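Below is one structure; the comments refer to it alone.
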Amino acid sequence: MGETAYQPKTFNSSKLLPLVYPGINGDSDDAEQCIRDSLEYIDGKGKIVLCAVETIKDVDKGRQVYREGAAGMILMDDSRGDPHAEGHVLPVSYVSFVDGEKIKSCIRSMKDSTPNATIVFKGTQFGYRPSPMVATISSRGPNFLNGGILKPDVLAPGVNILGAWPRAVGPNPSELAIATFNIKTGTSMAAPHASGIAALIKNKHPSWSPAYIRSAIITSATSLDLDGNPIVDENTGSPADIFDIGAGQVRPWAAMDPGLIYDLDAGDYIG
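In the UniProt record's numbering, the protein residues as written are 1 to 271.
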């Protein structure tokens, strides 16, 4: 199962298309990653092209594949990344490292024939489990430059976050677009969630210090997922530790009235 930001109505998912993989011969990383020059050695017109992430931005990679006339692209994650949705100019499915290895294995087993594939778009999927989970790209602690101070404090949503964007993206970007948005992933997406929670707490408790607000967010966080199990680290598939999640996933409703808060000053940090 892959991820995508757009589901073009013009793509016929019921029709199987030839699947080509520039890195089939293992000649170079450039071929596997569909770097521009490597695409000259394959015929991708009207086909689905399999590419690995790395080196260049995935959206730029999609533009290169699109210019070669491809009908779609499957992006394979590396072992350290997370599949995520982006605004590509052609139909794309971003699959995990494990699924990517299965696809490559299938292609290699059919080296004397042409494998076929399609991309089936199923709309936004809800209720994905386990959730929440520590993304591979999540920043982890401890901070060895500062005496091993425990970081992070908490875990916040940061994968496939929908937000405003300065320009139009996707299959048919238009300079005349009235409302522009994008779907992004990263710690820069998690930070606004935590900042927003802090702002809500400050609005409800105007006299609280920054330390009080931080305390409320930390003491109200949870280390359990929606099913009551320990939050899992996507890197290992095992329960995450404090250097992955800190106090746990933020819970803004609980942080409004945490029941217990504590203050800190410079001496507490130094001592």
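Virtual Cβ for every residue (Gly too), placed ideally from N, Cα, C. As the structure is a prediction and not an experimental result, all values here were calculated from the model.
Unbroken beta strand (DSSP E) stretches of 3 residues or longer found wholly inside the stretch 41-96: 48-52, 72-76 and 92-95, given in chain order. Annotation for residue 263: 209, 211, 212 and 215 place their beta carbon closer than 8 Å to its own, counting only its chain and skipping 5 residues before and after. Between residue 154 and residue 217, the beta carbon gap of about 6 Å places them in contact (Cβ cut-off 8 Å). Counting C-beta pairs with one atom in each stretch, the stretch 89-96 and the stretch 62-75 have three or more that are closer than 8 Å, which means they touch. Take residue 205, set aside five residues on each side of it, and no residue of its chain has a beta-carbon closer than 6 Å to its own. Per DSSP, residue 121 lies in no beta strand (DSSP E) segment and is marked neither H nor E. Partner residues in the beta bridge of residue 149, as assigned by DSSP, are 143. For a cut-off of 8 Å, the C-beta gap from residue 30 to residue 140 is around 31 Å, too long to register as a contact.
Under the three-state reduction of DSSP, residue 252 is assigned to helix. For residue 194, the secondary structure class from DSSP, reduced to helix, strand or coil, is helix.
Cβ contact annotation for residue 6 (same chain, cutoff 6 Å, sequence separation greater than five): 170 and 171, in chain order. Residue 46 is positioned such that its CB atom lies no closer than 8 Å to that of residue 88. The beta carbon of residue 202 sits closer than 7 Å to the beta carbons of 208 and 213 from its chain, once the five residues preceding and following it are set aside; these are given in chain order. A Cβ-Cβ distance of about 20 Å is found for the pair residue 84 and residue 32, leaving them out of contact under the 8 Å criterion. With a cutoff of 8 Å on beta-carbon distance, residue 116 and residue 18 are scored as near each other. For the pair residue 246 and residue 222, the CB atoms are not nearer than the 8 Å cut-off.
In this structure, the beta-carbon distance from residue 16 to residue 118 falls below 8 Å.
Around the beta carbon of residue 51, 16 or more other beta carbons lie within 10 angstroms, which makes this residue buried. C-alpha of residue 255 to C-alpha of residue 193: approximately 13 Å in a straight line. With at least 16 other beta carbons inside 10 angstroms of its own, residue 233 counts as buried.
The continuous alpha helix (DSSP H) containing residue 243 extends over residues 242-245. Following the DSSP letters along the chain, one finds residue 183 inside the beta strand (DSSP E) bounded by residues 181-184.
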